[in-house]
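Asker:
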Amino acid sequence: RQQGGEHEIKYLATEGRWLLSAIGCVGNQCFAFADGQAVAHPGSADLVWNFFEQHTNSFQTDPAVKSLPCPMIIHVIGRNPKSENAQINGSYRAIGAIDGRPVFLQPGTQKLIRFSAKSNRWLIQCEGPTEPSLLSKAYHWLFAGGCVPEDRCNAFAEDCAAPHPGFCDMQWQVWEDSRGVHGFDPSVRCTVAPLAVQVLGREPGRENGEIGGDYVLCGTHCGRPAYSKPGTTLAIRYWAPMSRWVIDVHGLRNSDCCCAFVDDLGGVSEDPTLLRPWHVYASSRGCHVPDPGMVVVVPESAPRTLVAEGSSVAAANSNLGIASMKRGGNSAFLSSSPEPPTKRRHFAPYGA
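Residue numbers in the sequence shown follow my numbering, run continuously in steps of one, and reach 392 at the last position.
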């Protein structure tokens with residue numbers, strides 16, 4: 041279902057089609073459909089969408105529209121504020137698609153993250169479209185006349201057949217003027233991890249009870265996001281040699297010593313939320329003991345975007361509005377507005 045909206049995508053098995061319609065529509069009533077008998081879910085760039093056009097009273101193919109399995113927001117973190125191209129840090133929002141992959145734009149800036157089929161890389165380009173009318177400029181710069189911009193970029197990561205760049209396993213090469221080449225920066229990661237987490241369930245009166253509370257994103261460690269508890273030295277970090285997340289009273293360091301940990305089986309988790317059980321150190325037993333009541337969650341008050349402060353990045357609350365699909369030209373853009381999206385009132389069975 042559309043988040044905060046009144047539409048849904050559903051599969052009509054009797055006709056092997058994915059339908060885009062208002063919630064509650066029955067049968068093949070819809071305003072868009074895509075043939076997809078062999079497609080397991082609608083998040084596939086292979087689907088070709090057909091929209092009902094009132095002026096022709098028929099469905100017309102719109103090759104620009106894509107339904108992709110990607111997040112609305114991704115975050116680039118970890119580049120040292122004093123290093124070259126520290127401006128790549130920040131949050132980026134999905135605005136469209138090219139080469140079957142999503143394009144992300146940092147709101148209020150020219151910065152883009154996009155896939156290049158030519159080089160088979162994800163690129164971060166800080167010199168994109170300029171004001172005014174940023175989305176309009178982005179449209180013309182990226183898509184007008186089918187022109188694709190050059191692959192010159194501030195940073196890139198080799199593609200691993202990923203549907204979007206928000207995976208911590210990607211390794212980013214960042215341009216260094218002093219060397220005249222892109223250099224690998226192990227601290228830079230692109231992620232969909234939450235910008236704040238909360239440790240719950242450990243009673244304050246118990247040993248190591250001080251680990252409870254709110255933590256905010258503070259950078260990366262061992263290739264994963266890291267969190268610190270404001271006003272303390274406590275940190276939640278990833279310890280790659282043992283594939284586990286740890287809570288350390290001594291902050292970010294390369295050590296297996298910690299006051300609590302949770303195993304990340306397979307080492308695939310992008311953040312520590314919802315992993316269980318947590319083991320907390322008990323001095324009376326000289327080892328870590330499972331605490332079934334302890335959990336790390338994303339608080340409701342967690343910010344959704346990072347705000348650049350000079351070359352550094354800090355978490356901040358942001359009202360992103362409701363995302364809606366805009367059709368036109370060679371791409372489909374996502375827009376943000378504090379008002380609900382305009383209802384599309386033209387429905388029809390696709391046989392009409």
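Even glycine gets a Cβ: it sits at the ideal position worked out from N, Cα and C.
Whole angstroms is fine: what's the gap from G83's alpha carbon to P142's?
Answerer: 12 Å
Asker: Suppose you measure from the CA of F373 to the CA of V232; what does that come to, to the nearest Å?
Answerer: Summary for F373: the model assigns pLDDT 30, below 50, so the residue's position carries little reliability; its value from the coordinates is reported in the next sentence. Looking at the two C-alpha atoms, the distance is approximately 20 Å.
Asker: How close, in whole Å, do the beta carbons of T260 and S283 come, if the pair is a contact with beta carbons under 8 Å?
Answerer: Wrong, their Cβ atoms sit about 16 Å apart, outside the cutoff.
Asker: Could you tell me which residues DSSP pairs with I164 in its beta bridges?
Answerer: I153, A195
Asker: On the three-state DSSP scale, how would you describe P281?
Answerer: helix
Asker: Residues bridged to H261 by DSSP?
Answerer: R264
Asker: So C230 is in the beta strand (DSSP E); what residue range does that whole segment cover?
Answerer: 229-231
Asker: Judging by CA-CA distance, which residue of L59, A201, G306, V116 is the nearest neighbour of C258?
Answerer: Taking only the C-alpha atoms, the option nearest C258 is V116.
Asker: In whole angstroms, give me the CA-to-CA distance for E310 and R277.
Answerer: One C-alpha to the other measures close to 11 Å.
Asker: Quick one: residues in its chain with C-beta nearer than 7 Å to the C-beta of E93, no 5 flanking neighbours on either side, listed in chain order?
Answerer: Q100
Asker: What does DSSP give as the partner residue(s) for S98 in the beta ladder?
Answerer: E93
Asker: Please state if the CB of S131 and the CB of I153 are separated by a distance shorter than 8 Å.
Answerer: No, Cβ-Cβ distance for I153 and S131 is not below 8 Å.
Asker: Would you kindly report the start and end of the unbroken beta strand (DSSP E) that includes R293?
Answerer: That residue, R293, is in no beta strand (DSSP E); it is neither H nor E in DSSP.
Asker: Buried or exposed for K106, going by 16 or more other Cβ atoms inside 10 Å?
Answerer: buried
Asker: Can you tell me whether Q213 is helix, strand or coil according to DSSP?
Answerer: strand
Asker: Drop a sphere of 10 angstroms on the beta-carbon of T345, count the other beta-carbons inside from all chains shown, and report buried for 16 or more, exposed for fewer.
Answerer: buried
Asker: Answer with buried or exposed for D288, where buried requires no fewer than 16 other C-beta atoms within 10 angstroms of its C-beta.
Answerer: Under this definition D288 is a buried residue.
Asker: Would you mind reading off the limits of the beta strand (DSSP E) that contains W274?
Answerer: Strictly speaking, residue 274 in this sequence is Leu, with Trp absent from that position. Careful: L274 lies outside any beta strand (DSSP E) and carries neither H nor E.
Asker: Going straight from the alpha carbon of S364 to that of C327, what length do you get?
Answerer: For S364, the pLDDT reaches just 28, beneath the cut-off of 50, and the residue's location in the model is therefore unreliable, although a value from the coordinates is still provided. So the two alpha carbons sit approximately 52 Å from each other.
Asker: For F144 and Y267, what's the separation of their Cα atoms in angstroms?
Answerer: 25 Å
Asker: Taking the alpha carbon of W215 as the reference point, which residue from D225, G206, C208 has its own alpha carbon closest?
Answerer: D225
Asker: Could you tell me whether the region 235-250 touches the region 189-207, using the rule of 3 or more Cβ pairs below 8 Å?
Answerer: Verdict: no, contact absent.
Asker: Helix, strand or coil: which one does DSSP assign to I138?
Answerer: strand
Asker: Using 8 Å for Cβ pairs, my map puts D304 next to L315. What's the rounded Cβ distance?
Answerer: About 6 Å; that satisfies the 8 Å criterion.
Asker: Using CA coordinates, which residue listed in V286, K50, V336 is at the minimum distance from C65?
Answerer: K50
Asker: Tell me, which residues are paired with D421 by DSSP?
Answerer: Any answer about residue 421 is impossible in this case: the structure gives the chain only from 41 up to 392.
Asker: Quick one: grab the DSSP three-state call for A356.
Answerer: At A356 the pLDDT is 46, less than 50, meaning the model places this residue with poor confidence; the figure from the coordinates comes in the next sentence. In the structure shown, A356 sits in a strand (DSSP, three-state: E or B).
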